[in-house]
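Here's the structure, in C-alpha cells; my notes come after.
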RNA sequence: UCCUCAGUAGCUCAAUGGCAGAGCAUCCGGCUGUUAACCGGAGGGUUGUAGGUUCGAGUCCUACCUGAGGAGCCA
C-alpha cells in the first residue's frame, strides 16, 4: 500500500508513489495526453496521464472525467519546473468514487460568476481555491485570538445566546419564542462577561452575535462572530494597549503562517507588514478637527459638527490618513452607550475607544471603560428608559465590590475582510447571513 | 426606511425602436506539455411580472417583484 499524502505535504514524498484522496478540480486534454488537476482541501496538483504509459482503463477513467468527481489517485511525485507548486503527479491509477453527471455538471465553472449566483451555491463555492484560502485565514485569525488571550491568563467565559432583554437598547433584536415567553438572540455578551470579569479578573468571550438591523452594506451581516475581552481594574489606556497588542499579534500570525493563502487571495501583504504597535491614538476632538479640515478642502461632502457620531465616510477619511489602525477615543457621552464611564476631566465625554482599520475597512473594535458607580448607572438606565427590572443583576455588580473595569468587542468578519483585502464580509464566513440571504 | 443601479441561454455579458447574439459550460470530433489550454461542429430563449405607447418594444412609459451598492445603525 502506498503512503497517503495530502497535496500540501506532497514535497515530502518526491520520487515516491503516493495515494491522494480528493476531487477533480479541472481537466485539460490533448489527444493522447491528459492533464487532470486534483484538489484535496489542502491544495491542488496537476497529474499527467500519457496514453502509452498507463493501463487503458486508467486512461479511459480520466478521459472525459467531469469537474468535482470524487477520486482516489495513485501516482509518483515528480518535481517539475513547469508546475506552479513545483510538483506534478505521474498518475498510475485512478479510482472514481462518484462521477458528476455529464448532463448536470458542477455549477461553479472556472469562469467568472455573479455574486448572487455564487452565494446561492455557497455550499459548492467554498470548494474553490480562493474561498478555501479565506476560510483558512479566518481559522488562523480565530486561533491567534484564542492563543493571545489564553497566553495572557484570560479565562474563556461563554455568555448566553438567548437573552431576556436588549443589552444596549439600541439595536434591533431577533425575537425568539422561549416557552411562551419573549426572548432574544444576543447582540453582545458584554454585560454578562462584566459579571465573569469581576469573578475571574481577566475573561473573554468568543461567539456568534445577532443584529436584526436592515443594513445592506459590504460591512454587515445579521449573524457575525465577535470576540470580547473584559478586564477588572482596567482603565481606558489599558484597553487601548490590549487592543493594539491583539491586532498586531493577529496580523503577524497570518503573515507568518498563512502567507501562501494570502497570495492565493491576491492580498498585497505590504499593507499588513506595517501593522505593529504602537498605533496612532487621537481624541474625538482631534478627529473632529481633521474632519472639518477635510470638508474645507472639499474631501468630505458634509461638514462635521462636534457632538455627532462618526459616519461611515468620516471613518474612511480618517483611517486613510494612517497606514496603521487608528484609535479614536473619548467620544461625546450622548452618542455612546449608557454604561460607559464619563471622563472625570470632561464628564460630557465617555471613556471609550473605536479602532478604525486602514484601507477603508472601518470600525473593527469598539470598547470602553464601564461605569463603576451604582447611582450614576441607575440614573442612566432611567434616562434611557430601559427596563430597570431587567438590569437588576447588572446593577448588583456595582453594589458588591465595584471596581474600574472595561473591555471591547472585535468583529471577526471585519478583521478577516481587512486581513484578506476583501470587498465584502460575506466571503469571510462559511455561510453568511445577510438581509436577503438565509439559504443555503 | 431612504437614494442609486441592475434583471436577456446553465454562467458572464452584447444587441441605434426594426431577423435575439457571443464567450464559457454541455454534447460530437481533433490534438503527446496543457496552464481559466486550443481548433472545428451541434443543441440550447415566455428578454423578472403585469399593463401601456407604437406599424413594430429586450430597448420608451407606469406599477410591481427580485437582487446589488450606498446612507442611517453598528462590529
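In the working numbering, the protein residues as written are 24 to 463. A virtual CB, placed ideally from N, CA and C, is assigned to each residue, including glycine.
Contact set for residue i: own chain, Cβ-Cβ below 6 Å, skip 5 residues either direction
i: residue 417; result: 214
i: residue 129; result: 90, 91, 123
i: residue 444; result: 290
i: residue 93; result: 46, 120, 121
i: residue 345; result: 303
i: residue 239; result: 458
i: residue 229; result: 250
Sequence-distant residues of its chain with Cβ nearer than 7 Å to residue i (five each side left out)
i: residue 436; result: 244, 247, 248, 448, 451, 452
i: residue 454; result: 145, 463
i: residue 347; result: 297, 298, 302, 303, 381
i: residue 421; result: 395, 396, 397, 400
i: residue 356; result: 363, 365, 371, 372, 373
i: residue 358; result: 331, 332
i: residue 338; result: 379, 385, 386
i: residue 272; result: 167, 171
i: residue 31; result: 65, 66
i: residue 187; result: 206, 413
Inter-residue spacing [alpha-carbon to alpha-carbon] between residue i and residue j
i: residue 126; j: residue 90; result: 12 Å
i: residue 291; j: residue 86; result: 38 Å
i: residue 402; j: residue 408; result: 10 Å
i: residue 384; j: residue 137; result: 23 Å
i: residue 28; j: residue 118; result: 16 Å
i: residue 399; j: residue 286; result: 52 Å
i: residue 67; j: residue 335; result: 40 Å
i: residue 77; j: residue 133; result: 28 Å
i: residue 97; j: residue 50; result: 17 Å
i: residue 426; j: residue 254; result: 10 Å
i: residue 226; j: residue 216; result: 7 Å
i: residue 152; j: residue 350; result: 35 Å
i: residue 234; j: residue 456; result: 10 Å
i: residue 74; j: residue 109; result: 23 Å
i: residue 446; j: residue 440; result: 7 Å
i: residue 48; j: residue 83; result: 18 Å
i: residue 219; j: residue 368; result: 29 Å
i: residue 415; j: residue 174; result: 34 Å
i: residue 103; j: residue 278; result: 27 Å
i: residue 413; j: residue 177; result: 28 Å
i: residue 274; j: residue 164; result: 8 Å
i: residue 424; j: residue 212; result: 21 Å
i: residue 43; j: residue 242; result: 39 Å
i: residue 57; j: residue 106; result: 15 Å
i: residue 329; j: residue 196; result: 30 Å
Residue burial classification, residue i (beta-carbon count within 10 angstroms, cutoff 16)
i: residue 381; result: buried
i: residue 162; result: exposed
i: residue 321; result: exposed
i: residue 88; result: buried
i: residue 411; result: exposed
i: residue 172; result: buried
i: residue 204; result: exposed
i: residue 352; result: buried
i: residue 419; result: exposed
i: residue 257; result: buried
i: residue 139; result: exposed
i: residue 391; result: buried
i: residue 64; result: exposed
i: residue 354; result: buried
i: residue 260; result: exposed
i: residue 461; result: exposed
i: residue 300; result: exposed
i: residue 342; result: buried
i: residue 155; result: buried
Inter-residue CB distance, residue i and residue j (contact presumed, cutoff 8 Å)
i: residue 160; j: residue 281; result: 5 Å
i: residue 429; j: residue 405; result: Not confirmed; about 23 Å, so no contact.
i: residue 340; j: residue 317; result: 5 Å
i: residue 266; j: residue 388; result: 5 Å
i: residue 81; j: residue 114; result: 7 Å
i: residue 295; j: residue 442; result: 7 Å
i: residue 39; j: residue 59; result: Actually they do not touch by this definition, with Cβ atoms about 19 Å apart.
i: residue 432; j: residue 236; result: Actually they are not in contact, since the Cβ atoms of residue 432 and residue 236 sit about 16 Å apart, beyond 8 Å.
i: residue 71; j: residue 111; result: 6 Å
i: residue 100; j: residue 37; result: 5 Å
Residue i: CB within 7 Å of a non-hydrogen atom of the ligand GTP
i: residue 337; result: The ligand GTP is absent from the structure shown, which contains no ligand whatsoever.
Same chain, Cβ closer than 8 Å to residue i, neighbours up to 5 away in sequence not counted
i: residue 166; result: 276
i: residue 185; result: 199, 201, 206, 207, 208, 209
i: residue 131; result: 141, 144, 147, 148, 150, 151
i: residue 157; result: 284, 288, 439, 443, 445, 450, 451
Tell me, please, whether the region 299 to 317 touches the region 176 to 185 by the rule of three or more beta-carbon pairs shorter than 8 Å. Below 8 Å, too few C-beta pairs join the region 299 to 317 and the region 176 to 185 to call them touching: fewer than three.
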